[in-house]
Each structure stands twice: as structure tokens, then as C-alpha cells.
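K.L.:
The listed protein sequences correspond, in order, to chains D and G.
The working numbering puts the first sequence at residues 262 to 742.
The working numbering puts the second sequence at residues 262 to 742.
Quick reminder that beta carbons are idealized off the backbone N, C-alpha and C, glycines included.
So that we are looking at the same thing, I have put the structure below in C-alpha cells.
2 protein chains.
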Amino acid sequence: MDPEEFRAAGHALIDWIADHRLAADQRPVLAQVEPGEIRAGFPTSPPDTPISFDALTALLEERVVPGLTEVQHPMHFGWFPSNASLASVLGDIASGGLGNLGISWESSPALTEVEEVMCDWMRQLVGLSDRWHGTIHDTASTTCLVALLVARERATGLEQNSGGLQAVDSPLMVYTTAEAHSSVAKAALLAGYGWDNIRTVDIDPQTRAMVPASLEAAMAEDLSAGRIPSAVVASVGTTGTTAFDPVDAIADVVERSTSTPWIHVDAAMAGTAMLLPECRELWHGVERADSITWNPHKWMGTILDCSLFYVRNGTELESVMSTNPSYLQSTADGAVTQYRDWGIPLGRRFRSLKLWFQLELEGIEAIQTRIRRDLDNARWLEGEIESEDGWSVIAPVALQTICVRHVPPGFTSEQLDDHTLRWVRAINDSGAAYLTPARIETPDRLGSWAVRISVGVENTERHHLVALWKLMREAATSSLS
Amino acid sequence: MDPEEFRAAGHALIDWIADHRLAADQRPVLAQVEPGEIRAGFPTSPPDTPISFDALTALLEERVVPGLTEVQHPMHFGWFPSNASLASVLGDIASGGLGNLGISWESSPALTEVEEVMCDWMRQLVGLSDRWHGTIHDTASTTCLVALLVARERATGLEQNSGGLQAVDSPLMVYTTAEAHSSVAKAALLAGYGWDNIRTVDIDPQTRAMVPASLEAAMAEDLSAGRIPSAVVASVGTTGTTAFDPVDAIADVVERSTSTPWIHVDAAMAGTAMLLPECRELWHGVERADSITWNPHKWMGTILDCSLFYVRNGTELESVMSTNPSYLQSTADGAVTQYRDWGIPLGRRFRSLKLWFQLELEGIEAIQTRIRRDLDNARWLEGEIESEDGWSVIAPVALQTICVRHVPPGFTSEQLDDHTLRWVRAINDSGAAYLTPARIETPDRLGSWAVRISVGVENTERHHLVALWKLMREAATSSLS
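Below you can see the structure in the form of C-alpha cells.
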């Protein structure tokens, strides 16, 4: 395809996307398809001959669109706000169009240096000091793995360069809570720590945050048994209920210990809130961590994938991740950042453009205003739910996630779980809205399933929450009839 | 930014990209900037107020374009062909515009199932049997890490779910050659094997491919010493010289052994050649491997990032990678593929669209024709170089990579290296063309540096090679004067 053909097709595609976005709220939120249905719409073998762009657009509508769950729909309250701001989409389009390649500074000086600038701008925007140096990864799953790898090597004096993890006699320990994202355990397993060496530290049953005294006791017990505390993963906004592990108190525990575990702060979703100065108390002590990750590709709205990863000590990271084959060496080495040594992949996209475009075209004030709107909306819905008989908000609403149950009188735990899953599935299956059922054990031990309402889609306004709250009450009533 | 603003800006951006691509050959290949120069063009703090799209485009030209190394330039012969076909760019634009989210089948059935279809189409197009199941990762660095993690767990009976790698007494061994990509050693270190447990198997000094008898001897020695052969990484097209490790003979060695190491085939660059039936003899035996990776985002031209990863046994992969938190469960579970369990990240982009768009809009025949053109061009240049006094091609040209030296009579090794680096840097610094200097030790032990010419940029035609060959002779002559 030559540039003139691209120009013609590109214009048509831009119109198609604009029209698709304009109609987002006309489509069901949850894709109304059965397993295998989208696959069955495609031929089993690749095409022999090319087709026109118009013909492909028709196929896109026919074969693909029915299988899209519309996370940009204003009635999407599932998982987390996975916004895809159109300003950042433009930056992503520029990245693809330029077709640059990040494998070394020399392969695209701009790709490296604009990433440095954007990571630094974002650092300032969430109020971190200039001791932090950042890079962009795909997801917080990957950054957690990277953090636990660096932690492993710090605890063993870079043993990877000799006998590896098997050469280390004393078991290396990782501390987190049961509320941490599933990627934390996955990262620990992939890094080789082993399930037995992941300590699930107690949480406070009300706040659902890590109890520092329990961390201290677990670390002390491990140390006295000859085990090495290697990493503490603090969740700053847990996935289930946006609970905030107390980073400052955790850092105190680490400081008092004779061991020096790496403190990784996982603020994947909640990091966006730190764009608001009034929210920063929630991660108080974050300057004392070793690494921080947060994802502009969630609530802030930078198009996936854009996970920021900050470290205080880039040298430790580079010593674990670096490679330097002759074909990647250049005369600039030593004077420049080589981001391949800051993560797992060698080849990197020009991801910083989508941050730059979003910041320049939307402006930070508009982003802050939108986030404050979402916090207000969540507080409004929390109040409505709390004041309604039979309904309860089962965890503190620190940000924009509300966890609820509707508890009919006299229900057993089992009946309650059936009821919860029935009403939430009725809403989700209808396509009118989407909420996430999740297991959240509460101190009353009544029911294990609850429903998470994650507020924050770019186009979600108060009237959408009013509509949702009506849907919820209707669905709960129907479930009982 | 609302969809109508996006429409207006998007049209302007498409035009900007088309114009930028049309002028690719008018810009220097290597960015003509100093370290820090691009960074210095940006303010040190983020902007307070938004700007117009026109103003941003002007900044893009002013601040970013000078820092782009133009890998789409027809005189780019560095590293590998990092093509970014405009048909696939359209698919990437559609992916961003849709703003879908892959975290489970339910979060976007189309994202999952179109990926299944595209991986299957691509499987057929390179002649693999239907025993292979594929997924799309970012890069071959990541897929190699994933392969070595699965290998580690297969060798230890999924020890990650108990004591982890530290609980395994017998050292786990990885086998590859010194010619393997730097990401192989990096993956082994990150997976915890340790440098001492990476066996660098001998290569044939002429073909630069792994010697199966040396692999067999190394594995036998390890087994008799109580060490466990866990993984063999076979390079199908090495980075330096596109040497082909003999996969079939390697599989024979593994079959004769009492151990069962995982065989990972790294065909990152050369996989594209397998789109041509006449090239498939080069990876003969590939059906006997456990995993294969190849990157359409290189020579084939799918926009970065698109690294295909195929396994014969998806269950083994899933057992190492899977997580199943309650908030990701749905009634479709069990009936669908959950790609989050096929790799490291949870959140995934709709990457298959860029493959689909490229296959539909370009057509496989046009892609095959282009690859055959590149093979012809490389053979032509090889012939020219071989027939010129003082010049030599120092490794077999299996595909499109030509490794050369210009050897003035009577030069010592040191003089030769100086000369080689001088003439290649003169070309690169001029911006007229780009070639990669690389260390390649040859049996004559004369000189350690050589120059790699990687043919295969989408717009590189014979006349560009004619021009390159003229530049090379001129630069070598100048270097001596």
C-alpha cells in the first residue's frame, strides 16, 4: 500500500472510528455473542487475493463489531475505567505512522528522549520528587515482574550472573496481601520465588489494607528462620475495593528490619488519582519505595498500553536487565539512556507520543476535572445505596470503586450469593450496563460474592449513574420474584 | 476530545503521515542529532493549557522529526528490516480507535477470537501443521522468556507452585550458541537459570550453526554430573549472519537423550522467509520443537509490535501462566481461550487487526513477491562484492543478510578493525545509508568487526543496492586515504 492509497483509506477509517465512537452508547455494553461465534465468521484459511478498503470495512462491521465489549460505553462500570482518549489515540496513530523502532538510542533518538521527557512530566504531575526515573511498559503485570526480578537480584548480589536462583540457599520471601492483584502472585511465581515463599500478610478487616505489624512479624519470623525478606508489594488501590496499603508504615517496618527488601508500589489504577493533589495523602510515604507503577491507560485515558514504571535507582534495574551485543553498540553509548535495559523487550514502540498528544490536546486541567467528576459521582452513588433499605456498600469508597450487596432479609450466605450473581448477570447479559461480580469476604461472613461498580468512563455522567442505580434496584427485585 | 474533533484532527494527521512517508527518502537515514538534543527541545515541565492540533503538528515536526532514525528509508540496511506496512498501520489505527480491552474473553470476544484466527492463518502461511496454537506477544525477547519459564517448570514438575526454583537441587541447564540473539541469555538470566547454567554449544566455523554432536556431548556431560537439560534454544536465522541451527538434528539429539528439554525455535527475523515454500527446508524439523517464535513486525512488515508465539501444548503454557481471580471469571470460562494465560501481561491490545488488515489489503502474493525480490537483491549484491578485489562476504548468505569486510592487503587485525569501523561510520554518519557494524569472528582470525547489510525495507529496490555498493567502495577508499 503506497502513501496515497493509505491517505484515502486512512481518511475513511478516521470517519469510521469517529462514527463508531459517536454511537458507542447505542451498542450493548457486553458483546452479545456465544463462544466461537466471532471465529466462525472468518474463513478457516487465509485469503488468496486482496480486497478493497471499503470491502474490509464492511467485514469489520460484520465480523468484528458484534464481538466487541464496549468499554468506552458510558454504562460500562466493569473491571476498571479503560479509557481510550481520542487525543491519545492520535498520538498512537502518529507512532504507527512514523514506523520508528526502539532498540537503542541510535535507532530512534526521539523515541528514547521523548519517553524520558514524558516520564518526567508525568512524575511531576503526580507529585513525585526528581529522584525518580521512569519508563513506559505494557502493563503493570510486566512491571511487577520486573520489580520482583530486580528484588531477587538485589537480595542475592546479582546471583543471576553466576549460579542463578538455584545457587541461593536461603529462601527468598515476597510479602503482599490477598487483596493484591493476581499479577503479583503470578510475577512472584514467574520470577522463581515459589508459592510457598509468598507471604500473605494480614489485612485490616475494615479497610482491607495491609497491617504493618503483621508484615513486621512475618519478616521477623522469616529472618529468624534464615529466610531472606526480598520484596514487599504494596497495593495503592487494590483491585477489589481500592484499599490503600499504608506505604509509610510499611517503609518504617522495612527500615527497622535488618533486611532490605525491595518495596514495589502497585498503583496501577489509583495512580491517576494522584494527578489530584488532594488525593496524594493516600500514598503517603511513596517516596520511600524502590519502584512505583501506575497505568495512564486506565482511568486517565491514555490508549492501552501505557504503564509507567519508576525506580529510584536505575543502575540496579539496568544491571539486571542489560544486554550489549556488538550490533547494538554506538558511539553514543554511555551518554544516553538505553531503555532496552529497563525492561524485558528489546524492540519498543514510540509509546510516549500518546501521552504527549493527550497532555497537549486535552490539557491536564481537563483531565483533573474529569477525575474529580468521577469521584463526585461515586460519592453520590455511595450515598444513594447506603440510604436504601436492603442495600449496603461493603468496603470503604476511597476513590471511584463501590462494592455493594443487596441483602434480602433472612438469606443464608448461599442464597445471597445466588441472588447477587443472578441480578448482576441479568444486568450484564442485557447489554444495558456492565458491572463486575467479585469475591469479597466481609467480616460478617454473609455472602462471598459482591458487585464492583467502577466509575470513570470518559463519557459517564451523573445521569448514567442515576440510570444504573435504577437498573440495579429493578434487577435485584426481579431476581427475587 | 470528542469524536468530531477527532475526525478533523485525524484527517489532518493521516495527511501528515502520508506526506511524511512520501518524503522518507528525502531525510537522512540516521538521525543527525546529539545525545540530549531532542530532550532539550521540550520544556522541562508539562504544559498548563491545551494547544490546537495544528500547533501540535508543528511541534511534532520541530521537536521530534529531527530525532527519527528513518528505518523506512530505502537506504536503511541496518539491524533488520523493520517494515511498517501502511496496510497494517491501518489495522493498528482501528485497534486504537476501537479502544477495546483484552483481559478476558468476555472483555472482548472479538479481540480473543480474531487473534485465534490470525494466528491460525499465519500458521498455515508458513507451512506449520495444525498441531500448533499461537498467540501474539510484543517481541521475541518476551516469547523467549516465556519459553524458558515453561521449560523451567516442565523440568521441575511445576515447582513454582511449591518451593520455586530454589527448591530444585539439580542445576537446570539451557543450551544455545554464542550466535544466538542477546535476548536468549537475558531470558535465561531473568528466568533464574544463572549464567553458569547456560551452555554455549559449539558452532560450525563455516556455517556458524550449532553442531548437534557438541550439543549431545554437553547434554550427556551434564546428565552424568546430575544436571538437568531443560531447554535448547535453536536459532533459525541468527542475528549476526542468519545462520540456521539444524532443528531436525537437534530434535534427534533430544530424542536420544534420557532428558526432555524444551526446544524453542527462535525464528524472529527468518520466520518471514517461511512464507515462501522454497525456504522451508531451512527450518526442517521445526514440527519437533516445543515452541516457535517469529516476528511479522520485521521483514513481513506488520507494524511493531507483533511477535507470534506457537506452542504444541497449550496446557503446559497455561499451567505456568494462568491466574483466575474472581473478577475475571465468567460463564464462558472453559469454552474459550483466555490469552492472559498465554503470556505475562493481563491487559492486551487488539493486535490481530494489524495482521488481518495487512493480509486482506496487501494480499499474501504481494508479500511473497516482495520477499523474493529482497532475496534476489541480496544475491545480486553478494555476487558484486565477491567479484571485487579486496572485498569478501564472510558468512553464508542464506537469506537477505550479507556480512562483509573490505581487507586492504597487509593489514593487521587491529588495522582492519579500525578501517572497517571507519568506513561504515562514514556512511552511517552521512545519513545517506545505514549499515550495522557487528563483531563476527571468522576462522582466519583477521579482524573482529564486520559490516552487516540487511536487505528488505519495503521500498528498497535494486537501484538502491547499486547506490549502496557505490557508497561502500567510495567509503572504503576514503578511509584509506
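Thinking just about the alpha-carbon of each residue, which of D:Tyr436, D:Ala596, D:Gln293 is nearest to the one in Val494 (chain D)?
P.N.:
Counted from its first residue, the first sequence places residue 494 (chain D) at position 233. When each option's Cα is compared against that of Val494 (chain D), the closest is D:Tyr436.
K.L.:
At the level of alpha carbons, what is the spacing between Gly498 (chain D) and Ser390 (chain D)?
P.N.:
Reading the first sequence from its first residue, position 237 is the one you call residue 498 (chain D). Reading the first sequence from its first residue, position 129 is the one you call residue 390 (chain D). Each residue's alpha carbon lies about 21 Å from the other.
K.L.:
Return the CA-CA distance between Arg573 (chain D) and Ser402 (chain D), expressed in angstroms with no decimal places.
P.N.:
The residue you call residue 573 (chain D) lines up with position 312 of the first sequence. The residue you call residue 402 (chain D) lines up with position 141 of the first sequence. Distance between the alpha carbons of Arg573 (chain D) and Ser402 (chain D): 20 Å.
K.L.:
From Glu645 (chain D) to Gly651 (chain D), what does the alpha carbon distance come to, in whole angstroms?
P.N.:
Taking the first sequence and counting its residues from 1, one reaches residue 645 (chain D) at position 384. Taking the first sequence and counting its residues from 1, one reaches residue 651 (chain D) at position 390. Rounded to the nearest angstrom, the two C-alpha atoms are 12 Å apart.
K.L.:
Would you identify the three-state DSSP class for Ser368 (chain G), choosing helix, strand or coil?
P.N.:
Counting from 1 along the second sequence, the entry for residue 368 (chain G) is found at position 107. Ser368 (chain G): coil per DSSP, three-state reduction.
K.L.:
Taking only three categories from DSSP, how would you classify Asp315 (chain G)?
P.N.:
The sequence position of residue 315 (chain G) within the second sequence is 54, counting from 1. Here Asp315 (chain G) sits in helix by DSSP.
K.L.:
Applying the 10 Å Cβ sphere with the 16-neighbour rule, what's the burial state of Arg631 (chain G)?
P.N.:
Numbered from 1 along the second sequence, position 370 holds the residue referred to as residue 631 (chain G). When all chains shown are included, Arg631 (chain G) counts as buried.
K.L.:
Across the segment 574-589 of chain D and the segment 326-333 of chain D, are there enough close Cβ pairs to call them in contact, namely three or more that are closer than 8 Å?
P.N.:
These segments do not touch.
K.L.:
Given Ile655 (chain D), which residues of its chain have a CB within under 6 Å of its CB, disregarding the five upstream and five downstream residues?
P.N.:
Along the first sequence, read from residue 1 onward, the residue named residue 655 (chain D) stands at position 394. Excluding residues within five positions, the ones whose Cβ falls inside 6 Å are Cys664, Arg666, Thr703, Ala711.
K.L.:
List, in order along the chain, the chain G residues whose C-beta lies closer than 8 Å to that of Asn624 (chain D)?
P.N.:
Counting from one through the first sequence, the residue named residue 624 (chain D) turns up at place 363. According to the sequence shown, residue 624 (chain D) is Gly rather than Asn. Those are Pro308, Asp309, Thr310, Pro311, listed as they occur along chain G.
K.L.:
Rounded to the nearest angstrom, how far is the Cβ of Thr662 (chain G) from that of Ile714 (chain G), given a contact under 8 Å?
P.N.:
Here residue 662 (chain G) corresponds to residue number 401 of the second sequence, with the count starting at 1. Here residue 714 (chain G) corresponds to residue number 453 of the second sequence, with the count starting at 1. Yes, Thr662 (chain G) and Ile714 (chain G) are in contact; Cβ-Cβ is about 7 Å, under 8 Å.
K.L.:
Return the CA-CA distance between Ile464 (chain D) and Ala470 (chain D), expressed in angstroms with no decimal places.
P.N.:
Locating residue 464 (chain D) in the first sequence gives position 203, counting from the first residue. Locating residue 470 (chain D) in the first sequence gives position 209, counting from the first residue. Distance between the alpha carbons of Ile464 (chain D) and Ala470 (chain D): 5 Å.
K.L.:
Report back the beta-carbon spacing between Gly608 (chain G) and Asp566 (chain D) to the nearest angstrom; my notes put them in contact at under 8 Å.
P.N.:
Indexing the second sequence from 1 puts residue 608 (chain G) at position 347. Indexing the first sequence from 1 puts residue 566 (chain D) at position 305. With 8 Å as the limit, Gly608 (chain G) and Asp566 (chain D) qualify as a contact, their Cβ atoms being about 6 Å apart.
K.L.:
Between the segment 681-696 of chain D and the segment 285-297 of chain D, do three or more beta carbon pairs fall short of 8 Å?
P.N.:
Short answer: they touch.
K.L.:
With a CB to CB cut of under 8 Å and the five nearest residues on each side skipped, what residues in its chain are close to Ser356 (chain D)?
P.N.:
Your numbering for residue 356 (chain D) matches position 95 in the first sequence. If we look at Ser356 (chain D) and ignore the five residues flanking it on each side, its Cβ neighbours are Arg610, Phe611, Arg612, Leu614, Lys615.
K.L.:
Could you check whether the Cβ of Gly360 (chain G) sits closer than 7 Å to any Cβ belonging to chain D?
P.N.:
Counting from one through the second sequence, the residue named residue 360 (chain G) turns up at place 99. Chain D, which has a Cβ nearer than 7 Å to the Cβ of Gly360 (chain G), makes this yes.
K.L.:
Cβ of Gln333 (chain G) less than 7 Å from any chain D Cβ?
P.N.:
For this step, residue 333 (chain G) is matched to residue 72 along the second sequence. At least one chain D Cβ lies under 7 Å of Gln333 (chain G).
K.L.:
Under 9 Å, CB to CB, which of the residues in the segment 426-446 of chain D have a partner in chain G?
P.N.:
So the close ones are Leu426, Gln427, Ala428, Val429, Asp430, Ser431, Pro432, Leu433, His442, Ser443, Ser444, Ala446.
K.L.:
Is Asn458 (chain G) close to chain D? Criterion is C-beta to C-beta, closer than 7 Å.
P.N.:
Counted from its first residue, the second sequence places residue 458 (chain G) at position 197. So, interface residue.
K.L.:
Would you call Asp635 (chain D) buried or exposed, if buried means 16 or more other Cβ atoms sit within 10 Å of its Cβ?
P.N.:
Counting from 1 along the first sequence, the entry for residue 635 (chain D) is found at position 374. Buried, because 16 or more other Cβ atoms sit within 10 Å of the Cβ of Asp635 (chain D).
K.L.:
Is there a Cβ of chain G sitting closer than 7 Å to that of Phe267 (chain D), yes or no?
P.N.:
Taking the first sequence and counting its residues from 1, one reaches residue 267 (chain D) at position 6. Closer than 7 Å to some Cβ of chain G, the Cβ of Phe267 (chain D) qualifies, so yes.
K.L.:
Identify, in the order they occur along the chain, each residue of the same chain with its Cβ nearer than 7 Å to the Cβ of Val429 (chain D), setting aside the five sequence neighbours on each side.
P.N.:
Taking the first residue of the first sequence as position 1, residue 429 (chain D) is located at position 168. Excluding positions up to five away in sequence, the list reads Thr417, Glu420.
K.L.:
Closer than 8 Å is the cut-off here; do at least three beta carbon pairs connect the segment 432-450 of chain G with the segment 525-532 of chain G?
P.N.:
As far as the Cβ criterion goes, the segment 432-450 of chain G touches the segment 525-532 of chain G, which means the pair count is three or higher.
K.L.:
Measure from the alpha carbon of Ile553 (chain G) to the alpha carbon of each residue in G:Glu322, G:Arg300, G:Cys380, G:Val350, then state which is nearest.
P.N.:
Reading the second sequence from its first residue, position 292 is the one you call residue 553 (chain G). Among G:Glu322, G:Arg300, G:Cys380, G:Val350, the Cα nearest to that of Ile553 (chain G) belongs to G:Cys380.
K.L.:
Step through the CB atoms of chain D and report whether any lies within less than 7 Å of the CB of Pro586 (chain G).
P.N.:
Residue numbering aside, residue 586 (chain G) sits at position 325 when the second sequence is read from its first letter. Yes, contact with chain D.
K.L.:
Smallest Cα separation from Ala728 (chain D): which of D:Asp315, D:Pro335, D:Ala273?
P.N.:
Start at 1 with the first residue of the first sequence, and residue 728 (chain D) comes out as number 467. The shortest C-alpha separation from Ala728 (chain D) is found at D:Pro335.
K.L.:
Roughly how many whole angstroms lie between the Cα atoms of Asp457 (chain G) and Ala371 (chain D)?
P.N.:
For the purposes of this step, residue 457 (chain G) is taken as the residue at position 196 of the second sequence. For the purposes of this step, residue 371 (chain D) is taken as the residue at position 110 of the first sequence. Approximately 37 Å between the Cα atoms of the pair.
K.L.:
Mind checking whether Ser587 (chain G) and His398 (chain G) have CB atoms under 7 Å apart?
P.N.:
Position 326 of the second sequence, counted from the start, is the residue given in the question as residue 587 (chain G). Position 137 of the second sequence, counted from the start, is the residue given in the question as residue 398 (chain G). Taking 7 Å as the Cβ cut-off, Ser587 (chain G) and His398 (chain G) do not qualify as a contacting pair.
K.L.:
Which runs of the beta strand (DSSP E) spanning at least 3 residues fall entirely within the segment 650-685 of chain G, listed in chain order?
P.N.:
With a minimum length of 3 residues, the continuous beta strand (DSSP E) runs that stay inside the segment 650-685 of chain G are 652-654, 662-667.
K.L.:
Nearest-angstrom Cα distance between Ala448 (chain D) and Thr584 (chain G)?
P.N.:
The residue given as residue 448 (chain D) occupies position 187 in the first sequence. The residue given as residue 584 (chain G) occupies position 323 in the second sequence. Using only the alpha carbons, I get a separation of about 11 Å.
K.L.:
When DSSP builds the beta bridges, which residues end up paired with His525 (chain D)?
P.N.:
For the purposes of this step, residue 525 (chain D) is taken as the residue at position 264 of the first sequence. DSSP output for His525 (chain D) lists D:Val494, D:Ser552 as bridge partner(s).
K.L.:
Does the CB of Gly424 (chain G) have a neighbour CB from chain D at under 7 Å?
P.N.:
Working through the second sequence from its first residue, we reach residue 424 (chain G) at position 163. Answer yes: the Cβ-Cβ gap between Gly424 (chain G) and chain D drops below 7 Å somewhere.
K.L.:
Report the CB separation of Gly363 (chain G) from Tyr600 (chain G) in whole angstroms; it is logged as a contact under 8 Å.
P.N.:
As a first step, residue 363 (chain G) must be located in the second sequence, where it is residue number 102. As a first step, residue 600 (chain G) must be located in the second sequence, where it is residue number 339. With 8 Å as the limit, Gly363 (chain G) and Tyr600 (chain G) qualify as a contact, their Cβ atoms being about 6 Å apart.
K.L.:
Taking only the alpha-carbon atoms, compute the straight-line gap between Val597 (chain G) and Ser431 (chain G) and give it to the nearest angstrom.
P.N.:
Working through the second sequence from its first residue, we reach residue 597 (chain G) at position 336. Working through the second sequence from its first residue, we reach residue 431 (chain G) at position 170. Going from the Cα of Val597 (chain G) to the Cα of Ser431 (chain G) covers about 38 Å.
K.L.:
Nearest-angstrom Cα distance between Ala269 (chain D) and Ile275 (chain G)?
P.N.:
To locate residue 269 (chain D), count along the first sequence from 1; it is residue 8. To locate residue 275 (chain G), count along the second sequence from 1; it is residue 14. Those two C-alpha atoms are separated by around 9 Å.
K.L.:
Quick one: what does DSSP say Ile714 (chain D) is sitting in, helix, strand or coil?
P.N.:
Your numbering for residue 714 (chain D) matches position 453 in the first sequence. Ile714 (chain D) falls in the strand class under three-state DSSP.
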